[in-house]
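*Asks:* Residue 181 in numbering that gives the first Met the number 0 sits at position 182 of the sequence shown, and the numbers go up by one each step.
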Amino acid sequence: MKAPEKIEAVWDQDAHDNSILVLEKEEGKLSLAEVGNFLRYSHNGSFNGDYVIAICTKEGQEEAPQGDQWVLYKVEPGAGCPVCGNKLPFYEAAGKIDRKIGLIKRMQAEMDHRAEVEEKAVQLITEGRHGEAVELLNTLDDSVIARLQEEFETEEESPRQRAERRRQKAKVILNVLAEDVINMNWNQEEEYLKAFMKALKQIEEGGHE
Numbered sequence: 000m001k002a003p004e005k006i007e008a009v010w011d012q013d014a015h016d017n018s019i020l021v022l023e024k025e026e027g028k029l030s031l032a033e034v035g036n037f038l039r040y041s042h043n044g045s046f047n048g049d050y051v052i053a054i055c056t057k058e059g060q061e062e063a064p065q066g067d068q069w070v071l072y073k074v075e076p077g078a079g080c081p082v083c084g085n086k087l088p089f090y091e092a093a094g095k096i097d098r099k100i101g102l103i104k105r106m107q108a109e110m111d112h113r114a115e116v117e118e119k120a121v122q123l124i125t126e127g128r129h130g131e132a133v134e135l136l137n138t139l140d141d142s143v144i145a146r147l148q149e150e151f152e153t154e155e156e157s158p159r160q161r162a163e164r165r166r167q168k169a170k171v172i173l174n175v176l177a178e179d180v181i182n183m184n185w186n187q188e189e190e191y192l193k194a195f196m197k198a199l200k201q202i203e204e205g206g207h208e
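(1) Provide the residue span of the alpha helix (DSSP H) that contains L29, from first to last.
(2) Run through DSSP, which three-state label would L139 get?
(3) Which of the three DSSP states, helix, strand or coil, is assigned to S41?
(4) Would you kindly work out how many angstroms separate the C-alpha atoms of K5 and Y72, rounded to a whole number?
(5) On the three-state DSSP scale, how would you describe K73?
(6) Below 8 Å on the Cβ atoms is my guess for L102 versus L147; work out the distance and round it to an integer in Å.
(7) Take the Cβ of W69 as the centre, count every other Cβ of all protein chains shown within 10 Å, and call the residue buried at 16 or more, exposed below.
(8) Going by the CB atoms, is the gap between R98 and E154 shorter than 9 Å?
(9) Pull up the CB-CB distance for V9 and V21, whole angstroms please, since I reckon it's below 8 Å.
(10) Please report the residue range of the beta strand (DSSP E) in which D210 lies.
(11) Let's see if you can read the secondary structure: which residues bound the beta strand (DSSP E) around D11?
(12) Hey, would you say I52 sits closer than 9 Å to E109, going by beta carbons?
(13) One question on the structure: do V74 and D49 come within less than 9 Å of each other, judged by their Cβ atoms?
(14) Under the three-state reduction of DSSP, which class applies to V82: helix, strand or coil?
(15) Of the choices H112, M106, Q122, D67, whose alpha-carbon is the least far from that of K24?
(16) Step through the CB atoms of chain C and report whether any lies within less than 9 Å of the CB of E134.
(17) Which residues in the same chain as D11 place their Cβ atom closer than 6 Å to its Cβ, once the five residues preceding and following it in sequence are excluded?
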């Protein structure tokens with residue numbers, strides 16, 4: 000989509016030294032849709048982000064101005080809003096909310112399943128069928144809840160936190176490979192894979208240092 004024409008954007012500061020983006024249109028009034036498209040598509044998307052609009056009305060003039068001007072505050076998720084002081088974001092994207100609801104439903108279904116299995120196992124034990132109870136309990140996969148919890152925590156991460164986690168994982172892999180490189184025969188794929196799997200295991204055990 001082509002960015003709206005005849006809109007100029009200038010970064011400035013308000014009276015409290017907060018960074019503001021001033022949008023000005025030479026002719027006609029700015030609209031919310033027009034401003035949204037400008038922020039999304041102009042300057043190769045360099046204005047993408049979350050903004051708060053402050054509207055200040057003044058005493059009417061005999062002649063309406065030819066153009067229009069809006070003042071926008073760019074805000075970061077988790078930071079304080081310079082206008083209302085609340086923490087951001089105010090909302091979550093619908094897709095993210097749907098994924099979190101789906102994860103909660105899956106976790107609840109797994110917990111219900113585990114409760115049914117454990118209840119059945121107790122019944123078998125009271126009937127003296129201990130072997131069957133053990134076999135039934137062995138069908139439970141303890142890693143399912145852990146994986147779902149990890150997915151949920153990933154959804155809660157901010158882009159900065161996610162990038163830092165990936166950086167830490169990459170750092171562990173590079174460190175392990177650097178330690179093993181002296182004795183490694185890079186012509187043998189098996190040795191490389193062993194070193195790589197060693198790094199992944201260290202990550203799983205929390206060795207991010």
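Glycine is no exception: its CB is placed at the ideal position from the N, C-alpha and C atoms. As the structure is a prediction and not an experimental result, all values here were calculated from the model.
*Replies:* Looking at the atomic coordinates:
(1) That residue, L29, is in no alpha helix (DSSP H); it is neither H nor E in DSSP.
(2) In this structure, L139 counts as coil in the three-state DSSP scheme.
(3) In this structure, S41 counts as helix in the three-state DSSP scheme.
(4) Using only the alpha carbons, I get a separation of about 21 Å.
(5) In the structure shown, K73 sits in a strand (DSSP, three-state: E or B).
(6) Between L147 and L102 the Cβ distance is about 6 Å, and since that is below 8 Å, they are a contact.
(7) When all chains shown are included, W69 counts as buried.
(8) It is a contact, given that the beta carbons lie within the stated cut-off.
(9) With a beta-carbon spacing of about 5 Å, V9 and V21 fall inside the 8 Å limit used to define contacts.
(10) In the structure displayed, the chain extends from 0 to 208; residue 210 sits before or after that span and is not available.
(11) D11: member of the beta strand (DSSP E) spanning 6 to 12, first to last residue.
(12) No, the Cβ-Cβ distance between I52 and E109 is not below 9 Å.
(13) Inclusion of V74 and D49 in the CB contact set at 9 Å is warranted, their separation being smaller than that value.
(14) Three-state DSSP puts V82 in coil, outside helix and strand.
(15) Looking at the Cα atoms, D67 is the closest of the given residues.
(16) Judged by its chain identifiers, the structure shown contains no chain C, having just a single protein chain.
(17) I19, V21.
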